[in-house]
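Please read the structure below before turning to the comments.
Protein chains in written order, with my numbering: chain A, 1 to 205; chain B, 1001 to 1828.
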């Protein structure tokens, strides 16, 4: 791997330039001058003028949220969803724990146990949305396409800690029955022509 | 063995003559892939992946021995082809379920598949039904098994249960074409692999062994898993806390694997115990008995103030040896400051025994350790129920027998099928209780250097010898000459004619003859079988190193002083190296640090034992104390090693150090005392934080430090008393625990489910009127107790065993100091 692109720290040559920002005053006289300058320059009215100008033009593109909502792209990464298998409607999650491991903000936790059929079962699963940065790593690492991102971005809550659990994220069985589960097309989804690239393991059957 | 130099891939490497190439390479950080080999066990040759070229010839590094000047290439084109083919074979039909496999990436199959770069598969065979088995505390999934036989090897060569073996797999044979087209070793390995899976030796589907779980620990894949750990946690989520096992005196290296208990409970919980299985083997208690922490302890100020008051009032502190060296030091310091009496009978017995031993040996401590016993050829054990007093001593004995071509001689009144099952070269002598002296005299008689031994002992020993004439039948070969008629063709005439030929041949013939043999009365007294001497002579062939292990039966023996002196004489005047097995976890440390008293005073504090005010790590006392897995500190092991242990689980209550501080001591943490441990008895002035706890690649144990064996003044008096002819007869009880139990702490754990009660062997139960589950009363001269009968198939013979791990049973009332007693048993 060539390291030149990482070693070139002269960002100016690549179209970047330093913004001309006045240095912050350090002494109290300088600070006093700054206060006086800002108070009488009328910078506030610059912003107000822009608002009034756009209003007078009657050319507003603002969506009237929450009455109106923009459509969300299929690759958008909002609150997680847990998918079910098309064939049997059972949950796709096998409890491998990779999402818990890869999560860089450490917001996923799961408890697993052995179920009555001697299979691994996820007994509890939570995501702390207050910590989640919606990076999409969990969906990308998931070997079963079980955890994905959905389009639900309205997750404001009253406190910083905001947990969603497995049942909340799981596709409702009615949606499944109606064949209305949507596959996620973003990080972790199967890329086109995947079958052609896989080499089959020979079998004696 | 001498130091030699070999050359591996161009690097000059120093090693021992006869060392396996693989070990030599590993000791010098040179990587040779290997799956089936376990250090300290015999090479299995199942995986064949450790192929190397030695002086131009392909050999297996795990069983080829180093010779001076050897040239080794670890990788050639043919070897790489073999390795690639072997790894492809291992991947044939291996389920792609890594996501739910309990090995969770700590998988040697995964590692080597990636290391060797297997990206396509060239071989196939039709799979057979390989559904999983529930073997009790273990779960076996043959689908994941790569039949490296490491479990079988460790069970046979290290543990000695031999509970596992390979059984036929069934199914199709390999495609015949492969023989020609595949690399030779890969085909041979596959051919064997395709015919076997792992099964139980007893033919059933339920494990009946000493349940150590070592087989699951060594499993390179997720085929053998502890049932209690199944699907509980991924390995990578667990934080490993290096520690020392706190259950017995072996002081095994372990790591507690901890993680938050659940989503709701962020407190750490121990999920499993791991060990460096190449260099240390755990027992069932060490592996599964980890959750004995004193949970729910809080800073109860009222109780703490009461404790401080109690300490001001008390004149005695009674305690057990399940404490750290630092706490023992603190107790001793309190004794010096406030004049407490320190009472700990079991450590006191060891202390007295060691003192009596020193008078002859001139050293504070015994000379050898269990690590050396592993490589010793001939081992004698006296006065210890090895498998339960110190499982590691049993592993050492078994390892010596199976790997070091050793033999053993086990003196103990309790017939033990586990010890007898270790191999043909173990001889057991079930002498009567109290005859331990006679046993040691026999050892002196058989192995002592008669020229150097004190005269009176030699004379005393000679007095048991007499000559007797016996008639033996011998088979000798006699030369018989006979004349046989043969038909032969006459070369001149070409006709056949009869000629007489003289032929001699050797004919076996039985003759009776009278021979004068030595008659050793000691053998008769001990009740050995008739062929004892004959077998012993056979077992002693080619034996160079000798070890004597003595155990707790001797420390509490009525004539323990004499036994200690005899033991010292054996060490001094024979080739035997000596190991003493301390009674409990830190009995050795306590006996070195504390000055112990015999009798209690008026008001006593009990630490993990009875007293007027009880401090308890079990959570049932007047003030809570941390258990060993909740504290930092050092523990002194049978190997004379001061091992550090760390707190795996948080503890929220008060500890002994807090009480000491309230009484005028000043230490932030109890480990501040590590550096102050008495150097006069062999401790080293070292801070706790500087104590390491790991093994090197060559197996060197880098854990804590080894006690210095301080020289003490020895008296010239080497006289020993004659052995007393007392012996216990009739109905006998013995104070010992079942396998996997040691103290109340092991009893408290959830995974060790042994039932408390009166243990009787199946043999004894079938002979007597008692049945499992009956309630019986045992009465001795000291007291009586009533409990249920439990059948134990790990013992045999007529001696009834009473465990000490259950405080409620209170079996101590039955015994004087000695672990055996006569008793009468009555059905209720």
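For each residue, glycine too, the CB sits at the ideal point set by N, CA and C. Quantities reported herein were computed from a predicted structural model and do not represent experimental measurements.
Under 8 Å between C-beta atoms, does residue i make it to chain A?
{"i": "residue 1126 of chain B", "result": "yes"}
{"i": "residue 1262 of chain B", "result": "yes"}
{"i": "residue 1351 of chain B", "result": "no"}
{"i": "residue 1269 of chain B", "result": "no"}
{"i": "residue 1090 of chain B", "result": "no"}
{"i": "residue 1230 of chain B", "result": "yes"}
{"i": "residue 1110 of chain B", "result": "no"}
{"i": "residue 1236 of chain B", "result": "yes"}
{"i": "residue 1429 of chain B", "result": "no"}
{"i": "residue 1099 of chain B", "result": "yes"}
{"i": "residue 1120 of chain B", "result": "yes"}
{"i": "residue 1132 of chain B", "result": "yes"}
Between the Cα of residue i and the Cα atoms of the options, which residue gives the shortest distance?
{"i": "residue 1232 of chain B", "options": "A:114, A:142, A:89 and A:195", "result": "A:114"}
{"i": "residue 1587 of chain B", "options": "B:1007, B:1328 and B:1395", "result": "B:1328"}
{"i": "residue 1030 of chain B", "options": "B:1744, B:1072 and B:1590", "result": "B:1072"}
{"i": "residue 1291 of chain B", "options": "B:1730, B:1649 and B:1737", "result": "B:1649"}
{"i": "residue 1534 of chain B", "options": "B:1525, B:1547 and B:1518", "result": "B:1518"}
{"i": "residue 1427 of chain B", "options": "B:1529, B:1375 and B:1715", "result": "B:1529"}
{"i": "residue 199 of chain A", "options": "B:1118, B:1348 and B:1367", "result": "B:1118"}
{"i": "residue 1115 of chain B", "options": "B:1138, B:1097, B:1087 and B:1244", "result": "B:1087"}
{"i": "residue 1382 of chain B", "options": "B:1403, B:1350, B:1443 and B:1360", "result": "B:1443"}
{"i": "residue 1295 of chain B", "options": "B:1099, B:1620 and B:1501", "result": "B:1620"}
{"i": "residue 1159 of chain B", "options": "B:1397, B:1192 and B:1508", "result": "B:1397"}
I'd like to check one pair, residue j with residue i: are the Cβ atoms closer than 8 Å?
{"i": "residue 1825 of chain B", "j": "residue 1790 of chain B", "result": "no"}
{"i": "residue 1144 of chain B", "j": "residue 1155 of chain B", "result": "no"}
{"i": "residue 1361 of chain B", "j": "residue 1568 of chain B", "result": "yes"}
{"i": "residue 1019 of chain B", "j": "residue 1695 of chain B", "result": "no"}
{"i": "residue 1693 of chain B", "j": "residue 1644 of chain B", "result": "yes"}
{"i": "residue 1596 of chain B", "j": "residue 1314 of chain B", "result": "no"}
{"i": "residue 1354 of chain B", "j": "residue 1591 of chain B", "result": "yes"}
{"i": "residue 1196 of chain B", "j": "residue 1220 of chain B", "result": "no"}
{"i": "residue 1339 of chain B", "j": "residue 1284 of chain B", "result": "no"}
Just list the residues that DSSP pairs residue i with in beta bridges.
{"i": "residue 1098 of chain B", "result": "Its beta-bridge partners do not exist; DSSP assigns none."}
{"i": "residue 1118 of chain B", "result": "Answer by DSSP bridge pairing: none, since residue 1118 of chain B is not bridged."}
{"i": "residue 1199 of chain B", "result": "B:1165"}
{"i": "residue 1580 of chain B", "result": "B:1550"}
{"i": "residue 1054 of chain B", "result": "B:1057 and B:1072"}
{"i": "residue 1413 of chain B", "result": "None, per the DSSP bridge assignment."}
Please report the straight-line C-alpha distance between residue i and residue j, rounded to a whole angstrom.
{"i": "residue 1272 of chain B", "j": "residue 111 of chain A", "result": "16 Å"}
{"i": "residue 1684 of chain B", "j": "residue 1639 of chain B", "result": "16 Å"}
{"i": "residue 44 of chain A", "j": "residue 1260 of chain B", "result": "53 Å"}
{"i": "residue 1058 of chain B", "j": "residue 1051 of chain B", "result": "7 Å"}
{"i": "residue 1 of chain A", "j": "residue 1624 of chain B", "result": "With a pLDDT of 47 at residue 1 of chain A, under the threshold of 50, the modelled position of this residue cannot be trusted; read the value that follows with caution. Roughly 60 Å separates the two Cα atoms."}
{"i": "residue 1864 of chain B", "j": "residue 1068 of chain B", "result": "Residue 1864 of chain B lies beyond the stretch modelled for chain B, which goes from 1001 to 1828, so this question has no answer here."}
{"i": "residue 1752 of chain B", "j": "residue 128 of chain A", "result": "37 Å"}
{"i": "residue 38 of chain A", "j": "residue 131 of chain A", "result": "38 Å"}
{"i": "residue 1662 of chain B", "j": "residue 1268 of chain B", "result": "29 Å"}
{"i": "residue 1310 of chain B", "j": "residue 1622 of chain B", "result": "11 Å"}
{"i": "residue 1720 of chain B", "j": "residue 1577 of chain B", "result": "20 Å"}
{"i": "residue 24 of chain A", "j": "residue 42 of chain A", "result": "20 Å"}
{"i": "residue 1180 of chain B", "j": "residue 1174 of chain B", "result": "12 Å"}
{"i": "residue 65 of chain A", "j": "residue 174 of chain A", "result": "29 Å"}
{"i": "residue 1618 of chain B", "j": "residue 1667 of chain B", "result": "25 Å"}
{"i": "residue 1014 of chain B", "j": "residue 1025 of chain B", "result": "10 Å"}
Output yes if chain B places a C-beta closer than 8 Å to the C-beta of residue i; else output no.
{"i": "residue 124 of chain A", "result": "yes"}
{"i": "residue 206 of chain A", "result": "An answer regarding residue 206 of chain A cannot be provided, because it is not within the stretch 1 to 205 covered by chain A."}
{"i": "residue 235 of chain A", "result": "The structure shown does not extend to residue 235 of chain A, since chain A is modelled only from 1 through 205, so no value can be given for it."}
{"i": "residue 162 of chain A", "result": "no"}
{"i": "residue 207 of chain A", "result": "Outside the displayed range of chain A (1 to 205) lies residue 207 of chain A, so it cannot be described from this structure."}
{"i": "residue 114 of chain A", "result": "yes"}
What are the residues in the region 92-110 of chain A lying within 9 Å of chain C by C-beta distance? This model lacks chain C altogether, as its protein chains are A and B.
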